[in-house]
Amino acid sequence: MADLSLNAPLNRQSRRQLIGTMAFYIVATIIAVLFLLPMIWSVANSFKPPAEALANPLALFSKAFSLDNYRRLEGVGAGWYVYVGNSLMIAAGTVLLTVLIAVPAGYGFSKFRFPGQIVLFVLIMATMMIPFQSILTPLFLILKALRLQNSLVGLVLIYTTFQLPFSIFMMRNAFDAVPKALIEAARIDGASQWTILRRIMIPIAFPGVATVALFAFLNSWNEFLAALIFLSDQNKFTLPIMLVNVSSGIYGIIDWGALQAGVTVTMIPCLILFLLLQRYYVRGMTAGAVK
Amino acid sequence: MTVPLDQPAPHTREPHQWLGAFFIVPSLIMIGVFFIVPLLMTVWMSLHDWPLLGRSSFIGLGNFVEIMGDSQLWNSVGFTMLYTVLVTLALFAVAFPLALLVDRPLRAAGFFRTIYFMPVVIGFGAASTLWLWLLNPDSGVFAQLLRSLHLVSAAPRPIESFWPALGVIILMVVWKSAGFTMVILLTGLQSVPGEIIEAAKIDGANAWSRFRNITLPLMRNSVLLALVLNVTSSMLAFDQFFVITQGGPQNSTITAVFQIYLASFSSYRLGYGSALSLVLLVVLVAISSIQLAFLRTRPEES
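Here the protein sequences come in this chain order: A and B. For the record, in the first sequence the residue sitting at position 201 is 201 according to this note's numbering, with numbers rising by one throughout. Adding 291 to a residue's 1-based position in the second sequence gives its number in this note's numbering.
In structure tokens form, the structure reads like this:
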């Protein structure tokens, strides 16, 4: 008797919970489809023969698989793989230089005390408040003076500089997480400064390095305005600039198929990297949120 | 045997503290050359008439006087603010329900979070060209969709008039950035202790009043942070207007950064462009400072 009276409301509650969970799945799935569809449409249409894409852009699968759009993208400017190469070189250069500069800087700010340290750190962090869009005009003149305008190296230097404040902040936090006692113990055991850095510091700080590298890659791969301003030679363009050139068309006619192929080539690497390294991305975002 | 006792053996010695300064030198050079110097140059150049070729001449506050009377500029400032207000409202209207939706201890909730976040990581340039295709009246998905549902007879051309153009760009930005705001709001939601909610439940508070009186005040910092990040990034919008509307129709969708781009790199009036940059910089630093002040004076729960 007692059992029954206790069970009745429990059942009702668990049924309500079940309905709630089912409603969640239905609503969440519909929204997920809405978020995914633009990307899926773009990829699907990039592999359709032009006539079919024009007749039925909504179809997610086409009967005929075609690489025509990608082939036509070879005829755009210097050809799309030149632009993929440029974007890759810029992204790789930015990742490498950012890590090479931000890791020692974070180490220096975290594990050493020297005069002027706090002032310098605050100064570097303060540059995060200043939008890079507002210094592009003089940067144009500086690159010209250094003979680095219209060069991938110049763009790498600029992207690296824009990444540094966030990256130094991440790396200092990462090195702060290494307990002092651990370093002392290693030192007493006779480990050299270099060994301590290589065997203790870097492994513990590694997630920070991954976060810094991931953001440097995504931001330099996707950056648009500075690339638009500083690159004028069509052999030097990055993927976003190539996309704009395709989308402005030739004699007013836009090759939508080639554009979809270009969009696909540009966005897929970002999506793959994000899905693989998601937890490092979230780390960077929450660190930014606390800053 | 005259080694002083206070001098430890070489291999156990603490590294020299000035070594730290050595480690940060490369970063200082980079930030100095490519950030601090251009920053100072912006101020200097804003006081000059500075063409790309030829000599620059000092004109004092001439550029700023010109800014006061530049009606095209003020139109773009007005448009940037209108866009910022509308897109921020739209983002919150979508991201808040999304955050509440995926804030549950289900494995699947994490899966959905990932999906909603995906458009954030593709660049604004790629996203804008993608939407340019979605929106085009000839082979675009939207035109096709509306026609096949018999909602319209002729394909709509949203980017050819002002409000529809602004509307579809806001829609695109919401698709692209709602996931970002959602994650920030989610960190706020998850910082609210479950016991407080449980206690309120026992006290008979309904879902809305629990949210209104407990959750929302406790996640104030996250809301504020999402607000400031959305406002600052919207004030700096450029890519989507350059790609999708190209500033049109009749220059009605030119934003502040677009205006700087036109002054410096289309008319090659570098001095005037610098003056515009300086004004933008002051406005954005002010917004960020207000944010910092808020976060400092009102520490979050704990």
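Cβ atoms here follow ideal geometry from the backbone N, Cα and C, with glycine treated the same way.
Proximity test, Cβ basis, 7 Å: residue i and chain A
{"i": "residue 311(B)", "result": "yes"}
{"i": "residue 345(B)", "result": "no"}
{"i": "residue 430(B)", "result": "yes"}
{"i": "residue 556(B)", "result": "yes"}
{"i": "residue 322(B)", "result": "yes"}
{"i": "residue 297(B)", "result": "Model confidence at residue 297(B) stands at a pLDDT of 48, short of 50, so the residue's coordinates are unreliable; what they give is reported in the following sentence. No, because no Cβ of chain A sits closer than 7 Å to the Cβ of residue 297(B)."}
{"i": "residue 561(B)", "result": "yes"}
{"i": "residue 442(B)", "result": "no"}
{"i": "residue 447(B)", "result": "no"}
{"i": "residue 332(B)", "result": "yes"}
{"i": "residue 548(B)", "result": "yes"}
{"i": "residue 564(B)", "result": "yes"}
{"i": "residue 342(B)", "result": "no"}
{"i": "residue 585(B)", "result": "no"}
{"i": "residue 337(B)", "result": "no"}
{"i": "residue 435(B)", "result": "yes"}
Spatial neighbours of residue i in its chain, beta-carbon cut-off 8 Å, leaving aside the 5 residues before and after
{"i": "residue 352(B)", "result": "338"}
{"i": "residue 163(A)", "result": "94, 98, 102, 212, 215, 216, 219 and 220"}
{"i": "residue 602(B)", "result": "Look at the range of chain B in this structure, 292 to 593, and you will see that residue 602(B) is not part of it."}
Test: residue i CB closer than 7 Å to a CB of chain B
{"i": "residue 183(A)", "result": "no"}
{"i": "residue 240(A)", "result": "yes"}
{"i": "residue 170(A)", "result": "no"}
{"i": "residue 276(A)", "result": "no"}
{"i": "residue 15(A)", "result": "no"}
{"i": "residue 64(A)", "result": "no"}
{"i": "residue 158(A)", "result": "yes"}
{"i": "residue 222(A)", "result": "yes"}
{"i": "residue 211(A)", "result": "no"}
{"i": "residue 135(A)", "result": "yes"}
{"i": "residue 205(A)", "result": "no"}
{"i": "residue 46(A)", "result": "no"}
{"i": "residue 231(A)", "result": "no"}
{"i": "residue 280(A)", "result": "no"}
{"i": "residue 272(A)", "result": "no"}
{"i": "residue 129(A)", "result": "yes"}
{"i": "residue 151(A)", "result": "no"}
{"i": "residue 198(A)", "result": "no"}
Euclidean distance between Cα positions of residue i and residue j
{"i": "residue 16(A)", "j": "residue 501(B)", "result": "20 Å"}
{"i": "residue 155(A)", "j": "residue 194(A)", "result": "32 Å"}
{"i": "residue 280(A)", "j": "residue 274(A)", "result": "9 Å"}
{"i": "residue 174(A)", "j": "residue 451(B)", "result": "50 Å"}
{"i": "residue 88(A)", "j": "residue 78(A)", "result": "16 Å"}
{"i": "residue 578(B)", "j": "residue 370(B)", "result": "18 Å"}
{"i": "residue 384(B)", "j": "residue 377(B)", "result": "10 Å"}
{"i": "residue 109(A)", "j": "residue 165(A)", "result": "12 Å"}
{"i": "residue 71(A)", "j": "residue 80(A)", "result": "9 Å"}
{"i": "residue 234(A)", "j": "residue 388(B)", "result": "45 Å"}
{"i": "residue 180(A)", "j": "residue 112(A)", "result": "12 Å"}
{"i": "residue 55(A)", "j": "residue 39(A)", "result": "19 Å"}
{"i": "residue 261(A)", "j": "residue 427(B)", "result": "16 Å"}
{"i": "residue 574(B)", "j": "residue 207(A)", "result": "35 Å"}
{"i": "residue 576(B)", "j": "residue 244(A)", "result": "31 Å"}
{"i": "residue 238(A)", "j": "residue 13(A)", "result": "57 Å"}
{"i": "residue 407(B)", "j": "residue 361(B)", "result": "41 Å"}
{"i": "residue 311(B)", "j": "residue 121(A)", "result": "12 Å"}
{"i": "residue 350(B)", "j": "residue 436(B)", "result": "56 Å"}
{"i": "residue 90(A)", "j": "residue 270(A)", "result": "14 Å"}
{"i": "residue 285(B)", "j": "residue 455(B)", "result": "The question about residue 285(B) has no answer here: the residues shown for chain B are numbered 292 through 593."}
{"i": "residue 375(B)", "j": "residue 547(B)", "result": "11 Å"}
Same chain, Cβ closer than 6 Å to residue i, neighbours up to 5 away in sequence not counted
{"i": "residue 50(A)", "result": "257"}
{"i": "residue 530(B)", "result": "415, 416 and 419"}
{"i": "residue 43(A)", "result": "264"}
Own chain residues within Cβ distance below 7 Å of residue i, not counting five before or after
{"i": "residue 224(A)", "result": "240"}
{"i": "residue 172(A)", "result": "106, 109 and 110"}
### Query
Counting pairs of Cβ atoms below 8 Å between the stretch 525-538 of chain B and the stretch 409-425 of chain B, do you hit three or more?
yes
### Task
Mind checking the stretch 412-425 of chain B against chain A and listing, in chain order, the residues whose C-beta falls within less than 9 Å of any C-beta there?
Flagged, chain order: 412, 413, 414, 415, 416, 417, 418, 419, 420, 421, 422, 423, 424 and 425.
### Near-chain A residues of the stretch 522-534 of chain B (beta-carbon distance less than 7 Å), N- to C-terminal order
527, 529, 530 and 534
#### Entry: Contact residues within the stretch 450-475 of chain B, judged by C-beta distance below 7 Å to chain A
Residues 466, 474 and 475.
### Task
Taking only beta carbons into account, state which residues of the stretch 570-581 of chain B come closer than 8 Å to chain A, listed in chain order.
Taking 8 Å as the cut-off between beta carbons, the residues of the stretch 570-581 of chain B near chain A are 571, 572, 575, 576, 579 and 580, in sequence order.
### Query
Are there three or more Cβ pairs, one per stretch, closer than 8 Å when the stretch 396-408 of chain B is compared with the stretch 504-511 of chain B?
no
### Task
Would you list, in chain order, the members of the stretch 240-254 of chain A that have their beta-carbon closer than 9 Å to a beta-carbon of chain B?
240, 241, 243, 244, 246, 247, 248 and 254
### Query
Which residues, in chain order, does the stretch 71-99 of chain A contribute to contact with chain B at a C-beta distance below 8 Å?
none
### Query
Are the stretch 410-418 of chain B and the stretch 461-480 of chain B touching, with three or more C-beta to C-beta distances below 8 Å?
yes
### Task
Say whether the stretch 480-495 of chain B touches the stretch 521-528 of chain B, bearing in mind that this needs 3 or more beta-carbon pairs closer than 8 Å, one atom from each stretch.
no
### Query
Quick check: the stretch 116-132 of chain A against the stretch 181-191 of chain A, are there 3 or more CB pairs under 8 Å?
no
#### Entry: chain A contacts from the stretch 346-380 of chain B (Cβ-Cβ distance under 9 Å)
none
#### Entry: Cβ contact check for the stretch 128-137 of chain A and the stretch 321-335 of chain B: 3 or more pairs under 8 Å
yes
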